[in-house]
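Contents: one structure, followed by commentary.
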Amino acid sequence: MDIVDQSIHELHRSLKAGEVSSVEATRAMLARIEAVEPQIGSFITVTAGQALADAEAADRRIAAGRMDVLTGIPLALKDIFLTEGIRTTCGSRILSNFVPPYSATSWEKLKQRGVVLLGKLNQDEFAMGSSNESSAFGTVRNPWDTTRIPGGSSGGSAAAVAARQATATLGTDTGGSIRQPASHCGCVGLKPTYGRVSRYGVIAYASSLDQVGPLTRDVTDSAILLGAVAGYDPKDSTSVNTPVPDYTAVLTGTVKGLRIGLPREYFIAGLDPDVQKAMDAAIETYRQLGAEFVDISLPHTDYAVATYYLIATAEASSNLARYDGVRFGHRAEEASGLLDMYTKSRSQGFGAEVKRRIMLGTYALSSGYYDAYYVKAQKVRTLIMQDFMRAFEGVDVILTPVAPTPAFRIGEKADDPLQMYLSDIFTIPVNLAGTCALSVPAGFSSDGLPIGLQLIGKPFCEETILRAAHAFEQVTEWHTRKAVI
Amino acid sequence: MRFQPVIGLEVHVQLKTDSKIFCGCSTSFGSEPNSQTCPVCLGLPGALPVLNKKVVEFAIKAGLATNCSITPRSIFARKNYFYPDLPKGYQISQFEDPICQRGWLDIQVEGQELKRIGITRIHMEEDAGKLVHGEVSGLEEGSGVDLNRACTPLLEVVSEPDLRSSDEAVAYLKQLHQIVTWLGICDGNMEEGSFRCDANVSVMPVGSDVYGTRAEIKNVNSFKFVKQAIEYEIQRQIDLIEDGGRVVQETRLFDPNAGKTRSMRGKEEAHDYRYFPDPDLVPLVIDAAWVEQTRQELPELPECRRQRFMAAFSLPAYDAEVLTASRELADYFEACVALGANAKAVSNWVMGEITRSLNDSSTSIGTCPISPRLLVELLKLIDVGTISGKIAKTVFDEMWRSGKEPAAIVEEQGLVQVSDSGAIESIIDEILAREAGQVEEYRSGKDKLFGFFVGQVMKASKGKANPTVVNELLLSKLKG
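Here the protein sequences line up with chains A and B, keeping their order.
Residues in the first sequence are numbered consecutively from 104, following this note's numbering.
Residues in the second sequence are numbered consecutively from 2, following this note's numbering.
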């Protein structure tokens, strides 16, 4: 098998057997990036020199017999992760010159394991978007059909895995930003439970919803990467101090007796027929594997998108206040005073979608509107959380589509924010509830676009959804298909 | 018409923790600009706050000492506004559910009854940085931002509008200042801004129970200025109303040079801070055991100690007040008494020589060169008649200078008191012979001259004659 097609665990086996060196694997990846990047645009920054140095160090480590499953593996990070000494833009003009003096905890953890950093991946600006069209560094194209969006906001992270530009990547998910692009690009994307992975050094969009997670070729890789980045971080007060299990140990291939809930609010009229077909087939597959299905209800689903766009924008309006041109980032050249400097720097630095969300959030927090919008949204969030907790009294996992349609065309929804927001309708409730979910390849549309299946688990029960996804993967071949570029 | 002022105070107390409230940077004052910063207090992308437990402990102490209830689950909030000294574009503070609520302090204005002043709340927050302009900034042009102070811990103590005069406001402030320094949670340095105050002032007609429109006076940094600013503001509002005008709700700045307040921003320009719970910090849960433990660890508070000093040592109220001016002073006093000295004698010395010498040398009792043991040794020398009270002051000055044992000083300088009546008698005889004219005058009824003779004898004995013996002998000799 070609090096660039290998998963983490496959490449690990090759490295361990001495069939290939990390430098060779890294060179192959860099060559692949160079070859397909003009058509895909997954990367904002390629760190070729750094990658080769990392690979050489990894090879020395391997030679010394100090390797683990991630040593020497070429990875790439969404450009939302702070990487010390390497420019970190968050897809925004306002950070186009920002070189951070420290690294995200999740990246530190991977570095210690001896991974190779290929570069920083394109994304929607400040992770605000579902199509990767809001990036200040150009739109990413879907490797399965380059006239289509890869999904967002971790569009570069998903496209790079699908286009074989990285063995695996890290993304972040605030309302579906890992799962939706994973679904559109045919890879496995996992959003862990809120608090499972440290947010320290990850540029904040909506602090109560943001979570770091892997985008990978298969479920085993997802388990490996999650295990590597998960865990309590004293630098993140919202990270949770519970032990990190060996997620690969639970991938037994069996789901016999697993109770799977089907929420009636998610299987609605108007669901794309190809998506519906893929879901029906997946349900049948699970049935044959011995899982039991239970009809459930998540009654407040209809309010999820509105709730999300109040809470996420409110938090974002405050989180993005620090980009003021004073200490770092873009500062307008000709300003006639403090207020003018703020106004011009931010007007020039932020794109339209970011400005829209800052304004929405500022409005929702304003005196006189706070109770009607922010406070009410928090109450609805509690109800949505309770929906899930009640449902999980009777089921182990919940199965839904990831997105209502396969990847749409570039520009199709760019001028209609509301339509764009609705594309996250099935992923947003999971972030509001704070629990975990993943997207696993479950079929293709009639025009050859990948379709993902969402499995939602109980809080801190990533093992269960990984085990269920892995069992599905064992009896299907969707994840083995390859985009032709 | 007569007017009744109504005053409420918001006091910012900088906490004396080693590190900042949400990061590990040092809080020390006066370092190179921006040398005490990290990603968290610089507000860099991706940085997250982690609460300093010591700050919570200090806040609980302040709450207990001001009779507040401690909120079992309190919340941090973001106060959003743009300013270059505020790196994140918001200040982490508390809004709903602050850590301490509903307390009080009893204050005493001279010549008035004890009065209870309500404390609405005490909350924790981070300080902002500082802007530097012109020469101090060391910059050729423009202004600089120093973020060393950013993220240092503050308590904001908000009183009820229970104060009715500038004197009450000052009494309240002094009491609060004493408590926070007594607890050891604040250095109390008003010049460096460790204890600063905003005053809300309004006036209403006497007898009314409807408060007038208030003005908020910002950042008044000494007790004297608080009094001046409030008095100026009260008069300004009364004059305005009497001239047919109306007080507008606004923020005013006190100018200590002019002794006036002036408008800073009106209600229309007031910020909408868009407070909301900070999603980066989990709710702060304080269980009853923690509160109880902190209560146990609280030092005896000034008011209790004052009362005890009066009861246990039979000290006058004035002495008890002075001795409890600071915890260190009170500790010093008690240490002396514990070594067996007479309480009133110690009190006199502490209020007299010790305080004078501390003031003269601008030091505090904590670094007093004369330890309680040495002071007590000195008092013993007086008690047993080795030296007189007057000589003791000479010995004291030498002890202050050299740190030597009082007995050694007395020995070295030959200051032992002369009580031998024969020796004293011969001095007296000499003086009376020399001053025959004065003796005559005395005997003819000019009693006041007795002091003159005592003085002459003491002078001739270089102060060493036992004054009691001198008195007795002189009296009998002068009678003739």
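Ideal Cβ positions, reconstructed from N, Cα and C, are used throughout, including at glycine.
**Message:** Would you say Thr341 (chain A) lies against chain B (beta-carbon separation less than 8 Å)?
**Reply:** Contact of Thr341 (chain A) with chain B is assigned, a C-beta pair being separated by under 8 Å.
**Request:** Please name the residue, chosen from B:Val347, B:Gln109, B:Gly44 and B:Glu399, that lies closest to Lys381 (chain B) on a Cα-to-Cα basis.
**Result:** Shortest Cα-Cα distance from Lys381 (chain B) to any of B:Val347, B:Gln109, B:Gly44 and B:Glu399 involves B:Val347.
**Request:** Give me the Cα-Cα distance between Ala158 (chain A) and Ile136 (chain A), rounded to the nearest whole angstrom.
**Result:** If you take the alpha carbons of Ala158 (chain A) and Ile136 (chain A), they lie about 16 Å apart.
**Message:** Which runs of the alpha helix (DSSP H) at least 4 residues long sit entirely within the stretch 212-286 of chain A? Give them in chain order.
**Reply:** Within the stretch 212-286 of chain A, the runs of alpha helix (DSSP H) that reach at least 4 residues and sit entirely inside it are, in chain order, 258-265.
**Message:** Going by C-alpha to C-alpha distance, which of A:Lys119, A:Thr319 and A:Ala262 sits closest to Pro141 (chain A)?
**Reply:** Cα-wise, what sits closest to Pro141 (chain A) is A:Ala262.
**Prompt:** Count the other CB atoms within 10 Å of the CB of Glu566 (chain A); is the residue buried (16 or more) or exposed (fewer)?
**Reply:** Buried.
**Asked** Which residue comes first and which comes last in the alpha helix (DSSP H) that contains Asp490 (chain A)?
**Response** Following the DSSP letters along the chain, one finds Asp490 (chain A) inside the alpha helix (DSSP H) bounded by residues Lys479 to Ala494.
**Prompt:** Beta-carbon of Pro46 (chain B) versus every beta-carbon of chain A: anything under 8 Å?
**Reply:** Cβ-Cβ to chain A under 8 Å: yes for Pro46 (chain B).
**Message:** Taking the beta strand (DSSP E) that Pro544 (chain A) belongs to, which residues open and close that run?
**Reply:** The continuous beta strand (DSSP E) containing Pro544 (chain A) extends over residues Cys539 to Phe547.
**Asked** Going along the stretch 73-107 of chain B in order, which residues come within less than 8 Å of chain A, judged by CB to CB distance?
**Response** Taking 8 Å as the Cβ-Cβ cut-off against chain A, the residues of the stretch 73-107 of chain B that qualify are Arg79, Asn81, Phe83, Pro85, Pro88, Lys89, Gly90 and Tyr91.
**Request:** Could you work out which residues of chain A lie near Pro280 (chain B), taking near to mean beta carbons separated by less than 7 Å?
**Result:** Within 7 Å of the CB of Pro280 (chain B), the CB atoms of chain A belong to Ser310, Ser311 and Glu418, in sequence order along the chain.
**Message:** I need the straight-line Cα distance from Thr148 (chain A) to Tyr276 (chain B), nearest angstrom please.
**Reply:** Cα-Cα distance, rounded: 37 Å.
**For His582 (chain A), the first and last residue of its enclosing alpha helix (DSSP H)** = Segment: none, His582 (chain A) is in no alpha helix (DSSP H) and carries neither H nor E.
**Closest Cα partner of Met462 (chain A) within the set A:Ser421, A:Ala494 and A:Ala480** = When only C-alpha atoms are compared, the closest one is A:Ser421.
**Item:** Residues near Tyr297 (chain A) by beta carbon distance below 6 Å, same chain, minus five either side
**Value:** Closer than 6 Å at the Cβ level, and outside the excluded window around Tyr297 (chain A), lie Gln314 and Gly537.
**Item:** Near-chain B residues of the stretch 423-438 of chain A - C-beta to any C-beta below 9 Å
**Value:** Taking 9 Å as the Cβ-Cβ cut-off against chain B, the residues of the stretch 423-438 of chain A that qualify are Leu423, Ala424, Arg425, Tyr426, Asp427, Val429, Arg430, Phe431 and Gly432.
**Asked** With burial defined as no fewer than 16 other Cβ atoms inside 10 Å of the residue's Cβ, what is the status of Tyr233 (chain B): buried or exposed?
**Response** Label assigned to Tyr233 (chain B): buried.
**Message:** For the stretch 282-305 of chain B, list every residue whose C-beta sits within 8 Å of some C-beta in chain A, in sequence order.
**Reply:** Flagged, chain order: Leu282 and Val283.
**Message:** Please list, in chain order, the residues of the stretch 121-136 of chain B that have any C-beta partner in chain A closer than 9 Å.
**Reply:** Listed in sequence order: no entries.
**Item:** Residue-chain proximity (Tyr303 (chain A), chain B), Cβ-Cβ < 8 Å
**Value:** At a cut-off of 8 Å between beta-carbon atoms, Tyr303 (chain A) makes contact with chain B.
**Asked** Since His178 (chain B) is in the alpha helix (DSSP H), which residue starts that stretch and which ends it?
**Response** Start and end: Ser167 to Trp183.
**Prompt:** Just reading off the beta strand (DSSP E) that Gln314 (chain A) is part of, what are its end residues?
**Reply:** Gln314 to Thr319 is the extent of the beta strand (DSSP E) around Gln314 (chain A).
**Request:** Report the option in B:Lys460, B:Leu379, B:Lys480 and B:Glu217 whose CA atom is closest to the CA atom of Ser445 (chain B).
**Result:** Checked all of B:Lys460, B:Leu379, B:Lys480 and B:Glu217; the closest Cα to Ser445 (chain B) is B:Lys480.
**Item:** Stretch-stretch touch, CB-based, cutoff 8 Å, three pairs: the stretch 7-21 of chain B with the stretch 270-278 of chain A
**Value:** These segments do not touch.
**Request:** Flag this pair as yes or no: are the beta carbons of Val543 (chain A) and Ala572 (chain A) separated by less than 8 Å?
**Result:** Yes. Within cutoff.
**Message:** Please state whether the Cβ-Cβ distance between Phe59 (chain B) and Asp279 (chain B) is less than 8 Å.
**Reply:** Taking a C-beta distance under 8 Å as the contact criterion, Phe59 (chain B) and Asp279 (chain B) do not qualify as a contact pair.
**Beta-carbon separation (whole angstroms), His403 (chain A) vs Val483 (chain A), contact threshold 8 Å** = Taking a contact as a CB-CB distance under 8 Å, the pair His403 (chain A) and Val483 (chain A) counts as one, their CB atoms being some 6 Å apart.
**Request:** Can you tell me which of A:Asp474, A:Lys181, A:Gln489 and A:Ala419 puts its alpha carbon nearest to the alpha carbon of Leu318 (chain A)?
**Result:** For the set A:Asp474, A:Lys181, A:Gln489 and A:Ala419, the Cα lying nearest the Cα of Leu318 (chain A) is the one of A:Lys181.
**Asked** Which residue's Cα is closest to the Cα of Gln226 (chain A): A:Tyr426, A:Thr275 and A:Val291?
**Response** Nearest Cα to Gln226 (chain A) within the set A:Tyr426, A:Thr275 and A:Val291: A:Thr275.
**Asked** From Ser20 (chain B) to Pro284 (chain B), what does the alpha carbon distance come to, in whole angstroms?
**Response** Put simply, the backbone Cα of Ser20 (chain B) is about 21 Å away from that of Pro284 (chain B).
**Message:** Pairs of beta-carbons, one from the stretch 66-76 of chain B and one from the stretch 88-106 of chain B, closer than 8 Å: are there three or more?
**Reply:** Three or more Cβ pairs closer than 8 Å define a contact, and the stretch 66-76 of chain B meets that threshold against the stretch 88-106 of chain B.
**Message:** What are the residues in the stretch 249-282 of chain A lying within 7 Å of chain B by C-beta distance?
**Reply:** Residues of the stretch 249-282 of chain A that bring their beta carbon within less than 7 Å of a beta carbon in chain B are absent altogether.
**Message:** Less than 6 Å between C-beta atoms, sequence neighbours within five positions excluded: which residues of the same chain meet that for Asp361 (chain B)?
**Reply:** Closer than 6 Å at the Cβ level, and outside the excluded window around Asp361 (chain B), lies no residue.
**Request:** With a floor of 3 residues, list each beta strand (DSSP E) that falls wholly inside the stretch 116-192 of chain A, ordered by position along the chain.
**Result:** Runs found: 146-149 and 177-181.
**Prompt:** Applying a beta-carbon distance threshold of less than 8 Å, which residues of chain D neighbour Leu52 (chain B)?
**Reply:** Although the question refers to chain D, the structure presented lacks it and instead comprises the protein chains A and B.
**Message:** Closer than 8 Å is the cut-off here; do at least three beta carbon pairs connect the stretch 389-398 of chain A with the stretch 413-428 of chain A?
**Reply:** Taking 8 Å as the limit for Cβ pairs, the verdict is that the stretch 413-428 of chain A does not touch the stretch 389-398 of chain A.
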